[in-house]
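According to full-length UniProt numbering, the sequence shown is numbered sequentially starting from 1.
Have a look at the structure below, then the notes.
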Amino acid sequence: MRRWVLHMDMDAFFASVEQLTRPTVQGRPVLVGGLGPRGTVAGASYEAREFGARSAMPMAEARRRCPVAVVLPPRFRVYQAVSKRVLGIVREVSDVVEQVSVDEAFLEPTELAGATTAQVEKFATQLRARVRREVGVTASIGAGAGKQLAKIASGLAKPDGMLVVPPDQQLELLSGLPVRKMWGVGPVTESKLHRIGVQTIGELAALHLNDVTSLLGQAHGTELHRLAHGIDDHPVAERAEAKQVSAETTFDTDITDQVKLLSEVTGMAESGHRRLVSSGRAARTVTIKVRDSGFTTISRAETFASATSDLAALSAAARRLLPIAVPPGTPVRLVGVSYSGLATSEQEPLFDNPADQPEAAAATAQSAAQPSQEPPARHWRAGDDVRHAEFGHGWVQGAGHGRVTVRFETAISGRGVARTFALEDPLLSSADPVDSLGW
């Protein structure tokens with residue numbers, strides 16, 4: 001029977017959830033991520049992307065490109081709650097599901113085995129409409145004869161679209177796409193293929209299998225050659241929850257320059273961080289993996305007191321571990337960074353990066369040594385969830401000079417009213433971010 005695999009990907013998920021729960025910013029550019037000077041964008045709405053802002057970009061650069069953006073801190077518990085409801089709908093309509101991350105999943109409904117293209121389009125249309133109606137966020141869906149084609153199709157359908165690729169059109173679609181679109185093609189493999197003049201998936205498919213395996217190795221080359229021909233029998237199967245997320249790269253030539261190595265480690269820390277954020281989790285332990293020219297592999301780790309998803313803190317730990325793993329000047333052929341001790345919640349740091357705040361750290365130490373006679377002053381930051389005894393749930397739009405402005409609204413309230421209070425107003429308190437969903 002003809003196989004149909006669907007890939008559902010939530011559109012600009014973090015930013016769209018913020019727009020859902022904070023109706024005032026619907027239709028406006030939104031950036032989600034670290035608010036400090038070394039913060040990174042975890043999510044950008046499509047309105048912000050039109051200005052050139054994107055995920056994994058330094059927040060400072062994103063704000064320069066999109067100065068009108070509303071910048072909000074990530075609220076992973078809210079994203080997890082929305083994800084759980086969306087995946088609940090998916091599991092109701094499909095008996096075979098593989099959740100890939102907090103915002104995407106593969107499904108292979110038994111009822112679609114042998115279905116026509118029109119039947120698959122109807123199924124996908126109904127699923128997208130139900131997610132939008134019952135949850136309030138948009139999803140793009142791609143469908144094809146295998147997982148790779150389904151994922152490529154969902155990417156082409158974005159934003160808020162659907163693309164079902166009939167079997168007789170899949171090779172035509174694949175042939176013109178760059179090889180980087182394929183699974184298993186990273187920077188190193190892409191570079192090797194480019195060196196022999198292969199730019200597109202169609203050009204890879206046109207090569208003789210022996211030429212591909214001699215260039216990329218027997219297993220990797222055979223797999224990519226099959227995928228280039230649209231042959232994809234990867235099963236859709238539920239995954240066990242990952243114990244860690246990681247990223248690593250092997251260099252074409254060994255690297256001895258410490259500055260370049262630190263740059264590579266930073267890059268791997270950022271790649272791993274994107275996967276960490278995509279999974280909606282935070283990490284307690286950072287591990288660096290280094291393989292030298294003699295193929296000796298060394299690992300070193302650093303563990304924080306609590307889980308964090310702050311890129312600056314995670315990346316700084318990885319850089320600190322490099323000279324501990326290998327002495328400067330050692331020829332290195334591979335570096336990797338992994339995050340473990342994963343959790344779905346994190347303790348917000350008092351400062352953006354304690355290592356960058358020596359005065360604050362000293363003040364904290366002095367305060368601990370000498371018990372304060374007065375309770376510490378309240379500190380509200382933009383994006384914090386709050387509750388007022390009279391006006392209900394809201395979020396902080398700004399604070400300063402002893403005052404705080406709160407917009408009172410949730411996903412089900414519609415656009416709310418902004419009110420200003422004294423920082424110490426006894427009727428104002430911190431709130432559970434999940435309450436912003438109004439569920």
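Ideal placement from N, C-alpha and C gives every residue a C-beta, glycine not left out.
Only a predicted model underlies this, so the values are computations on that prediction, with no experimental measurement involved.
Check	Outcome
Through-space distance from V417 to S338, alpha-carbon basis	44 Å
Contact under 7 Å by Cβ, M59 with G39	yes
Separation of G217 from H225, as counted between CA atoms	11 Å
Residue closest to F51, alpha-carbon to alpha-carbon, out of G34, V30, A42	V30
Contacts around Q170, its chain only, beta-carbon distance under 8 Å, and the 5 residues preceding and following it disregarded	G144, A145, L149, G230
Simplified DSSP state of R128, which is helix, strand or coil	helix
Residue burial classification, L209 (beta-carbon count within 10 angstroms, cutoff 16)	exposed
C-alpha gap between P433 and D385, whole angstroms	6 Å
Contact with chain D by E121, beta-carbon distance below 7 Å	Among the protein chains of the structure shown there is no chain D, as only one such chain exists.
Distance between E47 and A269 (C-alpha atoms, nearest Å)	28 Å
A301, enclosing beta strand (DSSP E) - first and last residue	297-308
Rounded straight-line distance, which links the Cα of V179 to that of T200	5 Å
Strand pairing of W395, partner residues [DSSP]	D385, R407
Span separating the alpha-carbon of A206 from that of V198	10 Å
Collapsed DSSP secondary structure at E108 in the structure displayed	coil
Close beta carbons around R3, own chain, < 6 Å, minus the five adjacent residues each side	A145
Backbone CA spacing between K158 and H7 [nearest angstrom]	12 Å
Alpha carbon of S299 to alpha carbon of E172, nearest angstrom	45 Å
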